[in-house]
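Residue numbers (the working numbering), protein chains in the order written: chain A, -18 to 220; chain B, -18 to 220. So the structure is just underneath, and the comments pick up after that.
Protein chains: 2
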Amino acid sequence: MHRDTNVRSFAKAFSWRIFGSLTTTVIVYVFTKRVQVALFVGVVELVGKILLFWLHERLWERIPLGKHEPTPTVIWFTGLSGSGKTTIAQWVHAELRRRGIRAEYLDGDTIRHLFPTTGFTRTDRDQHIRRVGYLASKLEENGVFVVASFISPYEESRAFVRGLCRNFVEVYVSTPLEECERRDVKGLYARARRGEIRNFTGIDDPYEAPANADVVIDTRGVTVEESGGKVLNRIRGNL
Amino acid sequence: MHRDTNVRSFAKAFSWRIFGSLTTTVIVYVFTKRVQVALFVGVVELVGKILLFWLHERLWERIPLGKHEPTPTVIWFTGLSGSGKTTIAQWVHAELRRRGIRAEYLDGDTIRHLFPTTGFTRTDRDQHIRRVGYLASKLEENGVFVVASFISPYEESRAFVRGLCRNFVEVYVSTPLEECERRDVKGLYARARRGEIRNFTGIDDPYEAPANADVVIDTRGVTVEESGGKVLNRIRGNL
């Protein structure tokens, strides 16, 4: 929440007076047809009202009416590796920022890169998601939108995060395994099939699909804009 | 950052007109001594200028001049258990909130309560502090002040956190071990001395005192307000 400084209030007072006193001068001339009176009135008003306008601004600075703050929301993307969740999440995040909304983007790759000891066992994954969820909830509590993109395969971890947040929107990117494996952008499925990666979601670790996601997106045959638009539409009341 | 809604701009236009048109009416009467002219001018101005004022507000909504945003800062309290860091940190946090500043308070007890598997070995402590530091830096990045109170005994962990943040103020609460042990508010020193708690900072785990803390506070013989005031004074340029 910004505060208006005194400089801003004075600048607005001057700026408004240019319009105001010109209007007054014209009106007085129209009614009196006397140039001198119109000019006198204009000048006296010019000086006197700058102070009054400034006082008026400082008074309104204390009145909350009509100062719109968006309702921060945690938008949580879950889905298989390669499902397209990160692409849509980044689009949504960019769109929120473009609208001047305070928003943070979080994803698995970035955070795991910073904390390289985080493993892929059930316990490690669960702890990882819970910690990210705590981070998201703290950002939300402080007025920041969060767009999070994590495979987050376990229902229990996601339920924990939902419980921490005030406004939690679960986006299930439901692109099926066959399609994700066909795309295999990072070559991870091939490596998992060869047994080079263990605990890989969809291959040798389960993905527990959300039963009651707020938004479900199968990325086959839809554009990023359509998918992202669907998410924004779901949260439009919070923007 | 709030946005002014149309409702607010209209409300301000009406509110300002009450002052403005009354003033105009009086000025016109003083110069012309004609009541009818003065009233006519007042009424025409009243209606016409409400629209103009509203347009003026909408224009200024796009001008950033004088919209003051505080510079978010991470205020990191480090010190032995019982040193008094939490008491001062909570005072500072409350004071920031009282001034209308967006601020989050983080401490070891709260976060460890939520993640009970976090241990007290060197690796566990270091990872814990790094994760909290990441949380703090993300809050800071999004305009939130952070007041953090953690024993954070290792120089390396604190340096990592400092590196993540843009504005990092290290507050070393330097109350000596003897005094902390004498207070022993939670009875932890007694238990550590009896060997019931392992890896206890100051007893069987080292505390690496900061060499270049931004603020140093020994709590013997000073009040919470004095200590907190010292911290606020250090960051006053950011408020």
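For every residue, glycine included, the Cβ atom is placed at its ideal position computed from N, Cα and C.
Fill in: 8 Å Cβ cutoff, residue 14(B) in contact with chain A
Not flagged as an interface residue toward chain A: residue 14(B), since no C-beta distance is shorter than 8 Å.
Worksheet item: DSSP three-state call for residue 166(A): helix, strand or coil?
Response: Residue 166(A) falls in the coil class under three-state DSSP.
Item to complete: Give a yes or no on whether the minimum CB-CB distance between residue 57(B) and chain A is below 8 Å.
Response: No, residue 57(B) lies away from the interface with chain A (no Cβ there is under 8 Å from its Cβ).
Worksheet item: Taking contact to mean at least 3 C-beta pairs separated by less than 8 Å, is the region 98 to 118 of chain B in contact with the region 158 to 172 of chain B?
Response: No, they do not touch.
Practice prompt. Would you mind listing the beta strand (DSSP E) stretches within the region 31 to 75 of chain B that are 3+ residues and don't spill past its ends, in chain order?
Written response: Every beta strand (DSSP E) of 3 residues or more that sits fully in the region 31 to 75 of chain B is shown, in chain order, as 55 to 60.
Worksheet item: Which residues does DSSP pair with residue 88(A) in a beta bridge?
Response: Residue 88(A) is bridged to 130(A).
Discussion item. Counting only Cβ pairs nearer than 7 Å, list the residues of chain B close to residue 120(A).
Written reply: Neighbours of residue 120(A) on chain B, chain order: 119, 120, 123.
Worksheet item: Taking the alpha carbon of residue 131(A) as the point to measure from, which residue in 88(A), 219(A), 163(A), 205(A) has its own alpha carbon closest?
Response: Selected option, being the one with the closest Cα: 88(A).
Practice prompt. Leaving aside the five residues before and after residue 172(B) along the sequence, list all residues of the same chain whose C-beta is less than 7 Å from its C-beta, in chain order.
Written response: Here the set comprises 178.
Practice prompt. On the DSSP bridge assignment, give the partners of residue 105(A) in chain order.
Written response: Residue 105(A) pairs with nothing; no bridge assigned.
Worksheet item: So, do the region -3 to 6 of chain B and the region 92 to 110 of chain A have three or more beta carbon pairs nearer to each other than 8 Å?
Response: No: fewer than three Cβ pairs fall under 8 Å.
Discussion item. I need the DSSP call for residue 125(A), collapsed to helix, strand or coil.
Written reply: Of the three classes helix, strand and coil, the one that applies to residue 125(A) here is coil, per DSSP.
Worksheet item: Within 8 Å (strictly less), CB to CB, does residue -3(B) reach chain A?
Response: Flagged as an interface residue toward chain A: residue -3(B), by a C-beta distance shorter than 8 Å.
Worksheet item: Does the distance from the C-beta atom of residue 54(A) to that of residue 126(A) stay below 8 Å?
Response: In this structure, residue 54(A) sits near residue 126(A), with a CB-CB distance shorter than 8 Å.
Practice prompt. Could you name the residues of the same chain whose beta carbon sits closer than 6 Å to that of residue 66(A), not counting the 5 residues immediately before and after it, in chain order?
Written response: The beta carbon of residue 66(A) sits closer than 6 Å to the beta carbons of 58, 60, 130, 154 from its chain, once the five residues preceding and following it are set aside; these are given in chain order.
Worksheet item: What's the call for residue 30(B), buried or exposed, on a 16-neighbour Cβ count within 10 Å?
Response: Result: buried.
Practice prompt. Round the Cβ separation of residue 191(B) and residue 139(B) to the nearest angstrom and send it over; I've been treating them as touching at under 8 Å.
Written response: Residue 191(B) to residue 139(B), Cβ: 7 Å. Contact.
Worksheet entry | Strand pairing of residue 153(A), partner residues [DSSP] | In the DSSP assignment, residue 153(A) is bridged to 59(A), 197(A).
Practice prompt. Starting from residue 33(B), find everything on chain A with Cβ-Cβ shorter than 8 Å and list it in chain order.
Written response: Around residue 33(B), the beta-carbon contacts reaching into chain A at under 8 Å are 0, 1, 4.
Discussion item. Taking CB distances under 8 Å as the criterion, tell me whether residue 109(B) reaches chain A.
Written reply: Judged by the 8 Å Cβ criterion, residue 109(B) is not in contact with chain A.
Worksheet item: Which residues, taken in chain order from the region 15 to 30 of chain A, show a beta carbon closer than 8 Å to some beta carbon of chain B?
Response: Listed in sequence order: 18, 21, 22, 25, 26, 29, 30.
Fill in: residue -16(A) - DSSP class collapsed to helix/strand/coil
In this structure, residue -16(A) counts as strand in the three-state DSSP scheme.
Discussion item. Quick check on the DSSP output: the alpha helix (DSSP H) that includes residue 139(A) runs from which residue to which?
Written reply: Note, residue 139(A): alpha helix (DSSP H), 136 to 145.
Fill in: 8 Å Cβ cutoff, residue 72(A) in contact with chain B
False, the Cβ-Cβ gap to chain B never drops below 8 Å.
Worksheet item: For residue 86(B), which residues in chain A fall below 8 Å Cβ to Cβ?
Response: Residues of chain A with a Cβ closer than 8 Å to the Cβ of residue 86(B) do not exist; the shortest Cβ-Cβ separation is about 10 Å.
Item to complete: Return the CA-CA distance between residue 166(A) and residue 141(A), expressed in angstroms with no decimal places.
Response: Their backbone Cα atoms lie some 30 Å apart in a straight line.
Practice prompt. Could you give the DSSP three-state label for residue 4(B): helix, strand or coil?
Written response: Reduced to three states, the DSSP call for residue 4(B) is helix.
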